[in-house]
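Let me begin by presenting the structure, written as structure tokens, before commenting on it.
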Amino acid sequence: MARAEKIISLVSEYGKIEVTKLAHLIGVSNVTIRKDLDKLEDKGIVNRQHGYALINSNSTDNINFRLSQNHETKQRIAQKAAESISDGESVMIESGSTCALLAEELANSNKNVTIITNSTFLPNFIRQASNVKIILIGGEYQSNSQVNVGPLVKKVVEEFYVDKLFIGIDGFDCERGFRCNDISRCATTQVMATSCDQVIALTDSSKFCQNATVTCFATNQISKVYTDTDLKDEMKEFLLENHVDVVTV
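Take the sequence shown: its position 227, counted from the start at 1, is 1513 in my numbering, and no numbers get skipped.
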């Protein structure tokens, strides 16, 4: 596990932890741990507070908080999904936490990818990258998830067509399909899907063990799922039977 992953894991576990204790648990100096925390704080994942480190938010809708959950697994999923994107390709990426990590992977590559997104979080998250072009879709701003939604999105999305749309999910139901907790975000993602050939879900396997508020896509509307190897065999078989390609890492 990379040092940053260990830090995120420990801060998530403790909720709030002294920086000196964190340095001791990681096995590095106080100077080193402060530099690491500065980088994570710059990404919005952790906060520094009077000698303590803590996760940015305890709201499950907050993108910074979601980035801290199962971070290492999400990172592996993002890395694998990035391999499917060609040099010079244009892709759509919506507002999920694993989607943000995919954007970071692309930003750190040399593929000169164009990212079309409704996530206002992404441009700031990968702002130091020089070889990625970002086209931001406008709309009504949701502050918690840092995403644009609503009818204005449709007017902009209609101008584009790409091969791949990468989405996150909040849950899954075998009868109803891929689920989301926010109706507005769900509707916006459905609109974005009209401008692409493939809808690809990026999610850790825990989402297949929980439900969510509203159906975003029927099972057979998703072309591919990138997830982790903890996905249950019967769930993988169900997805394959419904013509969903499954990639596990």
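Here a beta-carbon is modelled for each residue, glycine too, at the ideal position from N, C-alpha and C.
In this text the structure is predicted, and so the values were computed from the model without any measurement.
Three-way DSSP call (helix, strand, coil) for residue i in this model
i, result
"glutamine 1335", "strand"
"serine 1345", "Bear in mind that the predicted position of serine 1345 carries a pLDDT of just 48, short of 50, making it too unreliable to give a figure here."
"isoleucine 1508", "coil"
"threonine 1306", "helix"
"serine 1295", "helix"
"aspartate 1490", "coil"
"leucine 1525", "helix"
"aspartate 1324", "helix"
"threonine 1499", "coil"
"valine 1530", "coil"
"threonine 1318", "helix"
"tyrosine 1288", "Correcting the residue identity first, residue 1288 is alanine in this sequence and not tyrosine. Residue state, collapsed to three classes: coil."
"asparagine 1350", "helix"
Residue i versus residue j - alpha carbon distance
i, j, result
"threonine 1537", "serine 1315", "Absent from the model: residue 1537. The displayed extent of the chain is 1287 to 1535, so no value can be given."
"leucine 1296", "glutamate 1445", "44 Å"
"aspartate 1514", "valine 1535", "5 Å"
"valine 1485", "lysine 1325", "32 Å"
"threonine 1475", "phenylalanine 1452", "10 Å"
"lysine 1292", "leucine 1323", "12 Å"
"alanine 1479", "alanine 1309", "44 Å"
"alanine 1339", "serine 1298", "10 Å"
"serine 1345", "alanine 1290", "In this prediction, serine 1345 scores a pLDDT of 48, lower than 50, which makes its location untrustworthy; no coordinate-derived value is stated."
"glycine 1301", "leucine 1353", "14 Å"
"asparagine 1356", "threonine 1489", "10 Å"
"lysine 1522", "alanine 1487", "14 Å"
"lysine 1329", "isoleucine 1319", "15 Å"
"lysine 1419", "serine 1372", "14 Å"
"glutamate 1426", "isoleucine 1469", "13 Å"
"leucine 1526", "valine 1439", "32 Å"
"glutamine 1507", "glycine 1424", "25 Å"
"asparagine 1333", "glutamate 1327", "6 Å"
"asparagine 1417", "glutamate 1375", "12 Å"
"isoleucine 1401", "valine 1377", "5 Å"
"arginine 1462", "isoleucine 1455", "13 Å"
"glycine 1436", "glycine 1457", "22 Å"
"arginine 1413", "cysteine 1466", "28 Å"
Opposing strand residues paired with residue i [DSSP bridges]
i, result
"leucine 1340", "Lys1302, Asn1333"
"threonine 1513", "Thr1534"
"lysine 1518", "None; lysine 1518 has no bridge partner."
"isoleucine 1420", "Ile1401"
Worksheet entry | 4 or more residues per run - each alpha helix (DSSP H) lying fully within the region 1422-1484 | 1437-1443, 1469-1479
Discussion item. Runs of 4 residues minimum, wholly inside the region 1352-1386: which ones carry the alpha helix (DSSP H) assignment?
Written reply: 1357-1368
Worksheet item: Are three or more beta carbon pairs between the region 1427-1437 and the region 1357-1366 nearer than 8 Å?
Response: no
Worksheet item: Using 8 Å as the Cβ pair cut-off and three pairs as the minimum, do the region 1492-1511 and the region 1394-1412 touch?
Response: no
Worksheet entry | Segments assigned beta strand (DSSP E), at least 3 residues, entirely inside the region 1385-1417 | 1400-1403
Discussion item. Three or more C-beta pairs under 8 Å: does that hold for the region 1374-1388 against the region 1407-1420?
Written reply: yes
Worksheet item: Taking contact to mean at least 3 C-beta pairs separated by less than 8 Å, is the region 1514-1528 in contact with the region 1487-1497?
Response: yes
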